[in-house]
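> Residue 161 in the working numbering is what sits at position 170 of the sequence shown, and the numbering runs on without skipping anything.
Got a structure here, written out as structure tokens. Questions coming.
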Amino acid sequence: MMTDHPVTSEIGVTRKDGIAEVVLRRAGGRNALSMQVLNELRQIANALRGDTSVHAIILTGEPAFSAGADLKDPALAVRTRAGLLERREMLRAGPDACDAWAALDQVTICAIEGYCIGGGVSLSVACDFRVAAQDAYFRLPEIPLGMNMSWHTLPRLTALMGPARTKWLTIMGEPLEAPTAQTWGLVDILASPGEALHAARSLAAKVVA
């Protein structure tokens, strides 16, 4: 398997047999989405979009998928001192990353272990399919925390689950366990704990066969 993303990165990228795997592996295991990670995810998606040798792409995280936006990111501390254009660029990092993944021509599969929170949910619904471990869960805490949802998540959630269930998930801010998420239309395949990536690879292999 070929590794083609810098080893110093917090994201690993490999390509083999028409399948690319993009793995979030930030220190600490929470895979919080910093400005750097979001920008890298956008750049990786744009690079893969032009790779005609890749027919399916798996997005996953180790050991859990993602705890959402990194609210402790040092890059955010400069917002109050940044100019208008710089602040706009910062605000676009999340939606631009999600839009880049949604725009991919290849089939995209999100493999989810553990928690998928906030911006992690946004990334997952930007993919074509979601494979989740049975003990995984989804949560959108933004509205209960008084934060806006500007990552273009709501239209994608509504397309998958319908307006009523989307409202429940976003307004309540409560965890949604993977088995229930499957009945709601958010999860396509349930896997045994620790087997989400394996199940995603099996699905990707069917795509490229």
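The beta-carbon is built from N, C-alpha and C at its ideal position, and this holds for glycine as well.
None of these values were measured; they are calculated from a predicted model.
#1: Looking at the unbroken alpha helix (DSSP H) that takes in LYS7, where does it start and where does it end?
#2: Exposed or buried, what is MET(-8) when buried is set at 16 or more other beta-carbons lying within 10 Å of its beta-carbon?
#3: How is the beta strand (DSSP E) around ILE35 delimited, first residue to last?
#4: State yes or no: is the C-beta of ALA196 within less than 8 Å of the C-beta of ALA123?
#5: Could you tell me the distance, in whole angstroms, from the CA atom of GLN125 to the CA atom of GLY3?
#6: Return the residue from the list GLY59, ALA11, GLN34, ASN30 that minimises the CA-CA distance to PRO132.
#7: According to DSSP, is CYS118 helix, strand or coil?
#8: In whole angstroms, give me the CA-to-CA distance for GLY111 and LEU50.
Result, derived from the coordinates:
#1: Here LYS7 belongs to no alpha helix (DSSP H); instead the beta strand (DSSP E) covers 2 to 7.
#2: Note that MET(-8) scores a pLDDT of 47, beneath 50, so its modelled location is shaky; the value from the coordinates is reported in the next line. MET(-8) is exposed by the Cβ-count criterion.
#3: Premise fails: ILE35 lies in the alpha helix (DSSP H), 26 to 40, not in any beta strand (DSSP E).
#4: no
#5: 25 Å
#6: GLY59
#7: coil
#8: 11 Å
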